[in-house]
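Engineer: Pasting a structure below so you can have a look.
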Amino acid sequence: MTDDLDTALAALHRSHDRLTRTLASLDDEQVAGPSYHSWSIAQVASHLGSQAEVFGLFLEAGRTGDPSPGMEEFQKIWARWDAKAPADQARDSGTANRAFLDQVDALGDDEREKWRLDLFGAESDLTGLVRMKLSEHAVHTWDVQAALDPAATLPEDAVTEILSNVGGLTARAGKPDGAEADVAVVTAGPERSYRLRLAGDSATLTEEATHGAPTLALPAEALLRLLYGRLDADHTPTGVRADGVDLDLLRRSFPGF
Numbered sequence: 086m087t088d089d090l091d092t093a094l095a096a097l098h099r100s101h102d103r104l105t106r107t108l109a110s111l112d113d114e115q116v117a118g119p120s121y122h123s124w125s126i127a128q129v130a131s132h133l134g135s136q137a138e139v140f141g142l143f144l145e146a147g148r149t150g151d152p153s154p155g156m157e158e159f160q161k162i163w164a165r166w167d168a169k170a171p172a173d174q175a176r177d178s179g180t181a182n183r184a185f186l187d188q189v190d191a192l193g194d195d196e197r198e199k200w201r202l203d204l205f206g207a208e209s210d211l212t213g214l215v216r217m218k219l220s221e222h223a224v225h226t227w228d229v230q231a232a233l234d235p236a237a238t239l240p241e242d243a244v245t246e247i248l249s250n251v252g253g254l255t256a257r258a259g260k261p262d263g264a265e266a267d268v269a270v271v272t273a274g275p276e277r278s279y280r281l282r283l284a285g286d287s288a289t290l291t292e293e294a295t296h297g298a299p300t301l302a303l304p305a306e307a308l309l310r311l312l313y314g315r316l317d318a319d320h321t322p323t324g325v326r327a328d329g330v331d332l333d334l335l336r337r338s339f340p341g342f
């Protein structure tokens with residue numbers, strides 16, 4: 086687990102540094118302005134800041150063996166962040182995320198190895214927790230950066246980590262609402278081959294080569310943005326190739342969250 090954890094944690098550190106630099110470059114008007122998401126940039130920062138505090142509670146519970154914190158604790162954190170002014174949300178988000186990283190960095194090898202917590206109905210180790218935080222942080226950092234630069238992409242180090250549970254992400258994110266598709270998905274950066282199937286109300290993505298099927302070829306980061314509902318026409322790379330694939334149907338099937 087140590088190598089996987091170190092790799093995921095390093096990617097989270099870099100994602101934090103990217104967002105910190107981006108937010109520091111903005112004036113108050115820009116911070117209060119729109120992100121790619123329906124939220125303002127300040128609200129995205131607030132979400133990540135409050136989430137860092139929640140993940141800090143998760144981290145401590147897994148370290149001590151206590152039960153996972155619940156909605157009562159979360160609501161207090163959310164209310165405090167919602168009450169902040171936009172400029173404070175942007176500034177304090179970096180502080181909160183830095184504090185979470187410091188908490189993880191301070192754990193000893195034995196604590197890291199033994200760390201376990203029941204999260205959302207399944208047991209997670211520390212690598213799983215860090216990857217969960219990274220997926221949120223990297224995607225919402227993109228929400229901020231894409232509002233400033235439509236050509237923004239997810240960084241490959243984060244993409245590789247998020248792909249480790251891309252099947253679970255697909256199952257959670259997919260809302261095909263009766264749409265049907267069976268698509269070979271080929272990615273670059275990193276190179277992977279998947280089979281994406283939509284049927285009824287379910288979506289599955291399995292790592293397998295599929296020959297002779299309709300094919301979607303795209304960067305791996307664009308695949309993740311498709312699954313997260315962030316691959317609209319204005320933010321689709323020019324190199325995406327959809328052969329026999331209705332890309333708009335796939336977009337509708339992954340509305341985002």
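Our numbering applies: residue 86 is where the sequence shown begins, and numbers increase by one. We treat Cβ as the ideally placed atom computed from N, Cα and C, and that holds for glycine.
If I measure Cβ to Cβ from residue 226 and keep anything under 7 Å in the same chain, skipping five residues before and after, which residues do I get?
Structural biologist: So the qualifying residues of the chain are 100, 103 and 104.
Engineer: If you draw a straight line from the alpha carbon of residue 330 to that of residue 143, how long is it in whole angstroms?
Structural biologist: The alpha-carbon atoms of residue 330 and residue 143 are separated by roughly 41 Å.
Engineer: Closest to residue 138 by C-alpha separation, out of 244, 201, 218 and 300, would be which residue?
Structural biologist: The candidate whose alpha carbon is nearest that of residue 138 is 218.
Engineer: What residue range does the beta strand (DSSP E) around residue 204 cover?
Structural biologist: Run containing residue 204: 201-204, per the beta strand (DSSP E) assignment.
Engineer: Quick one: give me the first and last residue of the beta strand (DSSP E) that residue 245 is part of.
Structural biologist: From DSSP, residue 245 is part of no beta strand (DSSP E) but of the alpha helix (DSSP H) over 241-247.
Engineer: Distance, Cα to Cα, residue 340 vs residue 319?
Structural biologist: Those two C-alpha atoms are separated by around 16 Å.
Engineer: With a CB to CB cut of under 6 Å and the five nearest residues on each side skipped, what residues in its chain are close to residue 242?
Structural biologist: For residue 242, where only same-chain residues beyond five positions count, the Cβ hits under 6 Å are 96.
Engineer: Could you tell me the distance, in whole angstroms, from the CA atom of residue 311 to the CA atom of residue 214?
Structural biologist: Distance between the alpha carbons of residue 311 and residue 214: 23 Å.
Engineer: Contact defined as beta carbons within less than 8 Å: I believe residue 273 pairs with residue 305. What is the distance between those atoms, to the nearest angstrom?
Structural biologist: 7 Å between Cβ atoms; contact.
Engineer: Evaluate residue 141 with the Cβ neighbour count: other Cβ atoms within 10 Å of its Cβ, from every protein chain shown; 16 or more gives buried, anything less gives exposed.
Structural biologist: Counting Cβ neighbours within 10 Å, residue 141 comes out buried, since at least 16 surround it.
Engineer: Taking C-beta to C-beta, are residue 184 and residue 130 nearer than 9 Å?
Structural biologist: No, they are not a contact pair.
Engineer: Note the first and the last residue of the continuous alpha helix (DSSP H) segment covering residue 289.
Structural biologist: No alpha helix (DSSP H) contains residue 289, which is instead part of the beta strand (DSSP E) from 287-291.
Engineer: To which residues does DSSP link residue 300 through a beta bridge?
Structural biologist: DSSP output for residue 300 lists 269 and 328 as bridge partner(s).
Engineer: Alpha carbon to alpha carbon, how far is residue 309 from residue 248?
Structural biologist: So the two alpha carbons sit approximately 8 Å from each other.
Engineer: Taking contact to mean at least 3 C-beta pairs separated by less than 8 Å, is the stretch 155-170 in contact with the stretch 203-213?
Structural biologist: These segments do not touch.
Engineer: Please state whether DSSP places residue 209 in a helix, a strand or coil.
Structural biologist: Residue state, collapsed to three classes: strand.
Engineer: Excluding the 5 residues flanking residue 303 on each side, which residues of the same chain have their C-beta closer than 6 Å to its C-beta?
Structural biologist: Once the five neighbours on either side are set aside, the close Cβ partners of residue 303 are 325.
Engineer: Roughly how many angstroms separate the alpha carbons of residue 342 and residue 133, rounded to a whole number?
Structural biologist: Near 14 Å, if we compare the C-alpha coordinates of residue 133 and residue 342.
Engineer: Helix or strand or just coil, what does DSSP make of residue 280?
Structural biologist: Residue 280: strand per DSSP, three-state reduction.
Engineer: Under three-state DSSP, which class holds residue 322?
Structural biologist: In the structure shown, residue 322 sits in coil (DSSP, three-state: anything other than H, G, I, E or B).
Engineer: Under the three-state reduction of DSSP, which class applies to residue 120: helix, strand or coil?
Structural biologist: Three-state DSSP puts residue 120 in coil, outside helix and strand.
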